[in-house]
Amino acid sequence: MAYRIRAGDTLSALAQRFKTSVQALAKANNIQNVDLIFTGATLKIGGASGDSFQRSAGPGGSSAASGPSSVSSSEFGGSATRLAQAAEATGRRLNSRGWCAKGVADSLANAGFGGSPRQPSAYMYADVLARDSRFKEVRLTDEQIRQLPPGAIVVSDKFNSPGNPHGHIAVTLGNGRESSDHLGNLYLAGTQRVFIPV
Numbered sequence: 003m004a005y006r007i008r009a010g011d012t013l014s015a016l017a018q019r020f021k022t023s024v025q026a027l028a029k030a031n032n033i034q035n036v037d038l039i040f041t042g043a044t045l046k047i048g049g050a051s052g053d054s055f056q057r058s059a060g061p062g063g064s065s066a067a068s069g070p071s072s073v074s075s076s077e078f079g080g081s082a083t084r085l086a087q088a089a090e091a092t093g094r095r096l097n098s099r100g101w102c103a104k105g106v107a108d109s110l111a112n113a114g115f116g117g118s119p120r121q122p123s124a125y126m127y128a129d130v131l132a133r134d135s136r137f138k139e140v141r142l143t144d145e146q147i148r149q150l151p152p153g154a155i156v157v158s159d160k161f162n163s164p165g166n167p168h169g170h171i172a173v174t175l176g177n178g179r180e181s182s183d184h185l186g187n188l189y190l191a192g193t194q195r196v197f198i199p200v
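As structure tokens, this is what we get:
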């Protein structure tokens, strides 16, 4: 049987509801972190065939749900907090415009997410983050993105505004705020891809 995860669901509550174990659900759905499930994803119950919890590969090998979902603040752990703190410090330090990719790359390195090659354009980070096992990609509406807690990475596609071939990348700070190479309100234009540290 397939079950679509709803806001407020936990793996332990679902295991109890469907008379199985957390370990069985995690194994059947290839879940590495039993404390991290995503609203809108499909969970296999009892070994039934169907969609795996792991989101199907999208363009460029990304792993995203097929439609908008929601994310609860409980899915944001210490890694997200470290990233948000590093991003806020970086945004204050740089306090510039046009260097969002540098700002987020510095923030990632300062939060312990080093190792990814720096990219010349902001939009290029989407495919890099999609291949990085330290992040999960989620599909959200613009309104849901504005409500994200601190620590998510939002990447806008190239040409998200006239004359901008580089797109935009930023780390959420909560309350509709962001940090990249400066602090400000979340800038959402074009297509957004959202990544959460796991």
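Counting from 3, one number per residue, gives the positions in the sequence shown under the working numbering.
Ideal Cβ positions, reconstructed from N, Cα and C, are used throughout, including at glycine.
This structure is a prediction, so every number in the text was calculated from the model and none was measured.
- Message: Tell me which residue opens and which closes the beta strand (DSSP E) that G176 is part of.
- Response: Membership of G176 in the beta strand (DSSP E) is indicated by the continuous run H170 to G176.
- Along the chain, where does the alpha helix (DSSP H) that runs through V196 open and close? For V196, no alpha helix (DSSP H) segment is defined; the enclosing uninterrupted segment is the beta strand (DSSP E) at Q194 to P199.
- Query: Under the DSSP definition of a beta bridge, which residues are partnered with A4?
  - Reply: K46
- What three-state label does DSSP hand T22 in the structure shown? coil
- Item | S123 in three-state terms, based on DSSP | coil
- Of the choices A132, F137 and T44, whose alpha-carbon is the least far from that of A82? F137
- Message: Going by DSSP in three states, V155 sits in which element: helix, strand or coil?
- Response: Correcting the residue type first, residue 155 is Ile in the shown sequence and not Val. Of the three classes helix, strand and coil, the one that applies to I155 here is strand, per DSSP.
- Message: I'd like the list of long-range same chain contacts for A124, defined as Cβ closer than 6 Å, with 5 residues on each side in sequence excluded.
- Response: C102, A103, H168, G169, H170 and I171
- Classify T193 as buried or exposed, calling it buried when 16 or more other Cβ atoms lie within 10 Å of its own Cβ. exposed
- Message: Taking 8 Å as the threshold (C-beta atoms), are V173 and G153 in contact?
- Response: yes
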